[in-house]
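Enquirer:
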DNA sequence: CGGCTACTTGACCGGTATCAATGTTAGTGG
DNA sequence: CCACTAACATTGATACCGGTCAAGTAGCCG
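Chains as they are written, first to last, in this note's numbering: chain A, 1 to 245; chain B, 1001 to 1245.
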């Protein structure tokens, strides 16, 4: 099987059949490249594509009066982006490339076919989307009810934990290619204050930084500070329909 | 057919086949009553039920150290609560009755069977969960990036717009049976500040209040202040798999 | 009537935003 | 290789929004 990002991602939750893996691989036939900072999709534009990230980072965000904006989700290799446009004809958010990245567009008919042919994968996508929703719940709680320092800690942990899905459990450092302004847009803070909080986290010896790389020194301390709950650890796939053989 | 809450809800989005409707009807169990303030489900508890609200208000919330908490979603009649427990064995949030209310519990194992037998319904649930996610996106943006007054305005508008679905488009006043502390838990504010902002909205003649009833005086002004986007436009289900019959 | 609970009001404080200046790094063209 | 530039990161000074604390008021229900 040619390397399919989405298959690699899903197989962390479930042992895929040969059939399923190749159906997924077929979704990724026409990769498209975007440059750092390039806008992939725009709020309000008619959208009948989803994207699977093959490489690079992207994020979805809502912007207000042109200045303020809120980053909603960071999207990593293997993630399925733009799923909100499944429910609406129009995109509800902007998609922007954080780094140069390669995406595999996938149109709604293809997804539909997947739902028909591979119910088990459909159910798995549903489960994953619930997990994402729960993690949005946690972000809402974090932004609504905790301090700037805790929010930054929560963001860092979320990135770390999600990277571990692809890179192994002993990962303790991540290259974060976002500007501090972007981190602020994700956490609801100003860039200046992001900077100060990162410094405080370093001073508290919870993390250390070199260039864009963040090294997690005291994960337990960070988890406590952020009141972080790792939701991906609890995903339950035992109830899914059986493989179709 | 005895009135099935969930079939009624889903048929707002899609014409159900006879087969599908009766499969849904089989999921239903006896309605259950809860009193104002009663906890319906608890964070971390094993959860194998979903609920459809037949009457009353409820909300889901996460609580932290016992004091602080964040209300995630307000749930009104017709809403499906507890879907995150489909993906996890355990509830990720608390469910509490705002008013006395009547709920229809749905059996989770039976819902699993539904995924196997009726992929189209599974896809529909997927779509609905995406729509909910988009509305969470808006709340995240509101809480992350706007002022206290705007957040209150956004909450009021959201309640109003969702009530209109059931009570008609010319509705301009809503009875809100929440305490100001609960409004604070929904918007990430303290009860004291909620009070001040409500008074400011009144002083600005955007709303007026009598007891718990809020009268929307200047909807355009509120929408502008909150930068509110009404997402409850038609959900697009045109791409779903065809009925199986 | 008393004792809740929720709402209201005022005084004050602190965390975060804002504004502004400086330092640092990467890229670009000569 | 260096000068120039443009982002981005860092630092400091100050302002303000919303939090905290505390006291008082108004309903409501026994």
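For glycine and all other residues, C-beta sits at the position ideal for the given N, C-alpha and C.
So if I threshold CB-CB distances at 7 angstroms, which residues from the stretch 85-105 of chain A count as touching chain B?
Expert: Among the residues of the stretch 85-105 of chain A, those with a Cβ less than 7 angstroms away from any Cβ of chain B are 86, 87, 88, 89, 92, 93, in the order of the chain.
Enquirer: What number of angstroms, rounded off, separates the C-alpha of residue 1176 (chain B) from the C-alpha of residue 1198 (chain B)?
Expert: Distance between the alpha carbons of residue 1176 (chain B) and residue 1198 (chain B): 13 angstroms.
Enquirer: Using a C-beta cutoff of 8 angstroms, does residue 68 (chain A) count as contacting chain B?
Expert: yes
Enquirer: Give a yes or no on whether the minimum CB-CB distance between residue 227 (chain A) and chain B is below 8 angstroms.
Expert: Yes, residue 227 (chain A) counts as interfacial toward chain B.
Enquirer: Could you round the C-beta distance between residue 1116 (chain B) and residue 241 (chain A) to whole angstroms and report it? I think they count as a contact, below 8 angstroms.
Expert: 4 angstroms
Enquirer: Between the C-alpha atoms of residue 228 (chain A) and residue 1009 (chain B), what's the straight-line distance to the nearest angstrom?
Expert: 34 angstroms
Enquirer: Can you give the beta carbon distance from residue 93 (chain A) to residue 56 (chain A), rounded, assuming they're within the 8 angstroms contact cut?
Expert: At roughly 18 angstroms, the Cβ-Cβ gap does not stay under 8 angstroms, so residue 93 (chain A) and residue 56 (chain A) are not in contact.
Enquirer: Any Cβ of chain B within less than 8 angstroms of the Cβ of residue 134 (chain A)?
Expert: yes
Enquirer: Would you call the stretch 1070-1085 of chain B in contact with the stretch 1038-1053 of chain B, where contact means no fewer than 3 C-beta pairs closer than 8 angstroms?
Expert: Contact between the stretch 1070-1085 of chain B and the stretch 1038-1053 of chain B is present, because at least three Cβ pairs lie under 8 angstroms.
Enquirer: At what residues does the alpha helix (DSSP H) containing residue 1132 (chain B) begin and finish?
Expert: Element bounds for residue 1132 (chain B): 1119-1145.
Enquirer: Indicate the three-state DSSP secondary structure (helix, strand or coil) for residue 1043 (chain B) in the structure shown.
Expert: coil
Enquirer: Does the Cβ of residue 240 (chain A) lie closer than 7 angstroms to at least one heavy atom of the ligand NAP?
Expert: No copy of the ligand NAP occurs in the structure displayed, which carries no ligand at all.
Enquirer: I'd like to confirm the pairing. Which residues does DSSP put opposite residue 1166 (chain B) in its beta bridges?
Expert: Paired residues: none, contrary to the question.
Enquirer: Which of helix, strand or coil does DSSP assign to residue 1172 (chain B)?
Expert: coil
Enquirer: Using a cut-off of 9 angstroms between C-beta atoms, extract the partners of residue 190 (chain A) located in chain B.
Expert: Around residue 190 (chain A), no beta-carbon contact reaches into chain B at under 9 angstroms, the shortest distance being about 11 angstroms.
Enquirer: Contact between the stretch 1146-1164 of chain B and the stretch 1213-1227 of chain B is defined here as three or more beta-carbon pairs at a separation below 8 angstroms; is this criterion met?
Expert: yes
Enquirer: Taking only runs of the beta strand (DSSP E) that begin and end inside the stretch 1004-1053 of chain B, which ones reach a length of at least 3 residues, in chain order?
Expert: 1032-1034, 1039-1041
Enquirer: State the CB to CB distance for the pair residue 46 (chain A) and residue 102 (chain A), rounded to an integer number of angstroms; the pair is presumed to be in contact (CB under 8 angstroms).
Expert: The Cβ separation is near 24 angstroms, so there is no contact.
Enquirer: Measuring only between beta-carbons, confirm whether residue 1141 (chain B) sits less than 8 angstroms from chain A.
Expert: yes
Enquirer: Just reading off the alpha helix (DSSP H) that residue 223 (chain A) is part of, what are its end residues?
Expert: For residue 223 (chain A), the enclosing alpha helix (DSSP H) stretches over residues 219-226.
Enquirer: Is residue 1115 (chain B) close to chain A? Criterion is C-beta to C-beta, closer than 8 angstroms.
Expert: yes
Enquirer: Is the shortest distance between the beta-carbon of residue 1064 (chain B) and the beta-carbons of chain A less than 8 angstroms?
Expert: yes
Enquirer: Identify every run of the alpha helix (DSSP H) within the stretch 1056-1113 of chain B, keeping only runs that are complete inside it and at least 4 residues long; order them along the chain.
Expert: 1084-1087
Enquirer: Alpha carbon to alpha carbon, how far is residue 187 (chain A) from residue 87 (chain A)? Give it in angstroms, no decimals.
Expert: Each residue's alpha carbon lies about 26 angstroms from the other.
Enquirer: Between which two residues does the beta strand (DSSP E) containing residue 214 (chain A) stretch?
Expert: 213-216
Enquirer: Roughly how many angstroms separate the alpha carbons of residue 180 (chain A) and residue 211 (chain A), rounded to a whole number?
Expert: Going from the Cα of residue 180 (chain A) to the Cα of residue 211 (chain A) covers about 12 angstroms.
Enquirer: With distances taken Cα to Cα, identify the nearest neighbour of residue 145 (chain A) among B:1110, B:1069, B:1021, B:1060.
Expert: B:1069
Enquirer: Let me see if you follow: with CB-CB separation under 8 angstroms, is residue 1154 (chain B) close to chain A or not?
Expert: no
Enquirer: Measuring straight from C-alpha to C-alpha, what distance separates residue 20 (chain A) and residue 1166 (chain B)?
Expert: 42 angstroms
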